[in-house]
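Everything below concerns the one structure shown next.
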Amino acid sequence: MNPGTDKKLIEDLLHPLLHTSAKFYLAVAFFGSIVLVGFATWAYQVVNGIGVAGINSPVFWGFYLVNFVFWIGISHAGTLISAILRLCNATWRQPVTRCAEAITAFALMIGGMFPLIHLGRVWLFFWLIPYPSERALWPNFRSPLVWDFFAISTYLLASLLFLALPMIPDFALIRDKTTGLRSKIYGMLSMGWQGTPKQWHRLENAMHIMAIAILPIAISVHTVVSFDFSMAVVPGWHSTIFGPYFVTGAIFSGIAALIIAMAIIRRLLHLEEYLKPLHFQNLGKLMGTMSLLWMYFVFNERLTVWYGNESHEQGVFGAVQRGEYSPFFWTMVVLNFVIPIVILGIRRLRTITGTVVASIGIVIGMWLERFLIVVPSLSYKQLPYSWGTYTPEWPELTIMASTFAAIALLFILFAKFIPVISIWEVRVGTHPEMKAAETVAEGEAAGELV
Amino acid sequence: MQEEQVREEADPSYRWGMTVDLDRCTGCEACVTACHAENNIPTVGPDEAARGRAMHWMRIERYFEGEFPDVQVKFRPVFCQQCDNAPCEPVCPTYASHHTEEGLNAQVYNRCIGTRYCANACSYNTRLFNFFNPEWEKPLNLQLNPDVSVREVGVMEKCTFCIQRINETKIEAKASGETVQDGAIKTACVQACTSNALVFGNLNDRESEVSRLSRSHRGSKLLDDLGTKPSVTYLQRETWHESGNR
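Each protein sequence line maps, in turn, to chains A and B.
Numbered continuously in our numbering, the first sequence closes out at residue 450.
Numbered continuously in our numbering, the second sequence closes out at residue 246.
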């Protein structure tokens, strides 16, 4: 290994951790204050009643649930993508995985908040948790909302583990590169990592086990989220296609979020040498495939409902296809299918800018998709007498905006304290023929090398 | 111990049901008003009502047939159908919505955390949600029915078939060593109905009026094809469906 390049690599990737600019404080203050406004709005809602939101009868679920499904979808960026790429041994993944896994963890934290925010009596949320109560009262295990609780908490735990495991060698590196309190803290986080062959072997094994375990978990999570809808006898919800349809949409929007995050990080932290056009192109191809798959599901879902011509379904079908919700529907199709297929299908357009443009469209389009699943069905249930409509109120919009600020804030803090690109994996990757175990064989431990 | 107490109170020889005679209904909404008074249902005011948050456990649906001046109006009182196979029950994460042995969909207000999933799942849109804490301007707070609890913000509520009246009559009958006689229980809406369109009673008693009426050839269930098995039967002339039948 060329010691010069290696030193530069470490310097580049540790630079954001060791040097703090005024911009960092500004950004934290900016996004932090928006997040605080979001929390204040939530407090306002708790004090005054959930009625300050725009939900009504019959649309009892509104933006909060839309955002819940949306963020859980975004969370499929990481874990799933990075686990698949790890298992396929795609070497180009190395600079991408940590970023992706971080999105998963943060999006899950944010998404998991929404079922609480939308509760009528949030102070009693712990009744959703199975705990041994002296009244022998348990949650209702037949309820999809209880399945949600289990699915999301399992996924959060697994993806945090998946995120934290490959950080250990990097923490050790930071421990060795710094002094004083910082060295001590990272020393504790590195949990005694010395880079011995045995430790490398254990880490590789653990990563492999986690990568395999996380795939069924990730797929089941969004399937369970889809069960929230498909289990109810509501027109437009009661569909067997929802499980795979939701998972596809989730991975689709997840890749889009990942591309946007990578482009921002690349620009702000000057990581142009590590996040190369190749990474965007490859992720772009994956996203293009998901776009086709997503359109396939939408087509299937819409066609069967229309052809079946079942009277209860026609109210909501008409409203989405040609009624009041149709502008959203066709915007969604353009953003999720037409534009991405053009940009990602033509090699000349599959640049960094191109993929980012497509990704922004997809994130918006997928949000609209979630909206079109939740709201129109509730507006047009079986009895036409109680058809209704829904307009969001400012608390819903404020809290939604604050979640976007929250993910920015979490990412800024993450990039400040943890290398956003996995240093040891990139080091292994600079020599494609070298595997981690061989690195060890050469006597190179993470901490020793300069 | 707890379980035994519950068993003792619930008597499976009762299965409460109702019939609504659409040919008798005049759409006067006396039932709606009586229901409000009996069950301490708050009024939400015009602004909230315009936002689709009006609280009525019972609503009179109006359907117009024909062109002016030759118009016919049809009324359909709709309230919780107390389904035997209720979509609202399995989805509740806390068992706030659950089935009693007497065939009622009970709603335990104190156990409700306000996910509103039951209201989405209900095909009849008969579940009402307290978007805000209910208020009664003085002296209206003095007219609250002491037999019925007042619900707080974030809680789902709906027609209970006046369970407080059912229980009262059952307790009285038990004290005198008898079973509940047909017609002894009148829910608030039944009591207020001017045209006797509403009949309440025990469906398990084949001799009861409600049981007899719900077996009538005029009877049908609302959204029967969903398989929710409602305890409410709607009675109407068989020609009702044909528009313009004069």
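Yeah, the Cβ is synthetic: ideal placement off N, Cα and C, and Gly gets one too.
Source: prediction; values computed, not measured.
Asked	Found
Cα-Cα separation, Tyr95 of chain B to Arg51 of chain B	29 angstroms
Ile255 of chain A versus A:Ala53, A:Trp294 and A:Met167, residue with shortest Cα-Cα distance	A:Trp294
Stretch pair the stretch 112-126 of chain A + the stretch 68-87 of chain A: three plus CB contacts closer than 8 angstroms	yes
Rounded C-alpha distance that separates Glu135 of chain B from Cys35 of chain B	17 angstroms
Own chain, CB closer than 7 angstroms to Val450 of chain A, minus 5 neighbours either side, in chain order	Caution is warranted here: a pLDDT of 33 is assigned to Val450 of chain A, below 50, making its placement in the model unreliable, and the coordinate value is therefore given only provisionally. So the list reads Lys7, once near-sequence residues are dropped.
Burial state of Thr91 of chain A (16 or more Cβ within 10 Å)	exposed
Length of the line joining the Cα atoms of Gly323 of chain A and Phe280 of chain A	38 angstroms
Thr233 of chain B at chain A interface by Cβ criterion, 8 angstroms	no
Spatial neighbours of Val52 of chain A in its chain, beta-carbon cut-off 6 angstroms, leaving aside the 5 residues before and after	Gln45 and Pro395
Stretch pair the stretch 101-118 of chain B + the stretch 15-33 of chain A: three plus CB contacts closer than 8 angstroms	no
Burial state of Gly244 of chain B (16 or more Cβ within 10 Å)	A caution first: Gly244 of chain B carries a pLDDT of 47, below 50, which makes its placement in the model unreliable, though a value can still be read off. By the 10 Å Cβ count, Gly244 of chain B comes out exposed.
7 angstroms Cβ cut-off: residues of chain A touching Glu61 of chain B	Tyr385
Same chain only: Cβ atoms within 7 angstroms of Leu335 of chain A, ignoring 5 sequence neighbours per side	Gly361, Ile362, Ile364 and Gly365
Under the three-state DSSP convention, the category Ile171 of chain B falls into	helix
Selection from A:Ser291, A:Leu215 and A:Trp330 that minimises the alpha carbon distance to Cys88 of chain A	A:Leu215
Range covered by the alpha helix (DSSP H) that runs through His217 of chain B	Per DSSP, His217 of chain B belongs to no alpha helix (DSSP H) and is neither H nor E.
Short CB-CB distance (under 8 angstroms) between Gly114 of chain B and chain A	yes
Proximal residues to Cys31 of chain B (C-beta, below 7 angstroms), its chain only, five neighbours per side dropped	Met58, Pro77, Cys189, Ala192, Cys193 and Leu198
Range of the contiguous beta strand (DSSP E) that encloses Leu235 of chain B	Val232 to Leu235
Where His208 of chain A sits in the DSSP three-state scheme	helix
One or two residues paired with Leu198 of chain B in a DSSP bridge	B:Val20
Range of the contiguous alpha helix (DSSP H) that encloses His36 of chain B	Ala30 to Asn39
Residue-level contact to chain A via CB, Tyr14 of chain B, 8 angstroms cutoff	no
Coil, strand or helix - Glu11 of chain A by DSSP	helix
Beta-carbon separation (whole angstroms), Thr79 of chain A vs Phe171 of chain A, contact threshold 8 angstroms	Actually they do not touch by this definition, with Cβ atoms about 20 angstroms apart.
CB contact below 8 angstroms: Phe125 of chain A versus chain B	yes
Alpha carbon of Thr228 of chain B to alpha carbon of Cys83 of chain B, nearest angstrom	6 angstroms
Met287 of chain A vs Phe252 of chain A beta-carbon contact at 8 angstroms	yes
Counted within 10 angstroms of its Cβ, other Cβ atoms place Lys184 of chain A as buried (16 or more) or exposed	exposed
Among B:Leu144, B:Gln236 and B:Val232, the one whose alpha carbon lies nearest that of Asn85 of chain B	B:Val232
Chain A contacts from the stretch 69-99 of chain B (Cβ-Cβ distance under 7 angstroms)	Pro87, Pro90, Val91, Cys92, Pro93, Thr94 and Tyr95
Per-residue contacts from Tyr105 of chain B into chain A (C-beta, under 9 angstroms)	The residue asked about is misnamed: residue 105 of chain B is Asn in this sequence, not Tyr. The premise fails here: Asn105 of chain B is roughly 14 angstroms from chain A at the closest Cβ pair, so nothing lies under 9 angstroms.
Where Lys124 of chain B falls: helix, strand or coil (DSSP)	Inspection of the sequence shows that residue 124 of chain B is occupied by Tyr rather than by Lys. Note: Tyr124 of chain B maps to coil in three-state DSSP.
Amino acids of chain B, ordered along the chain, whose beta-carbon sits closer than 7 angstroms to that of Phe60 of chain A	Arg116, Ala119, Asn120 and Phe129
Secondary structure of Phe149 of chain A, DSSP reduced to three states	helix
Residues near Arg93 of chain A in its chain [Cβ-Cβ closer than 6 angstroms; skip 5 each side]	Leu85
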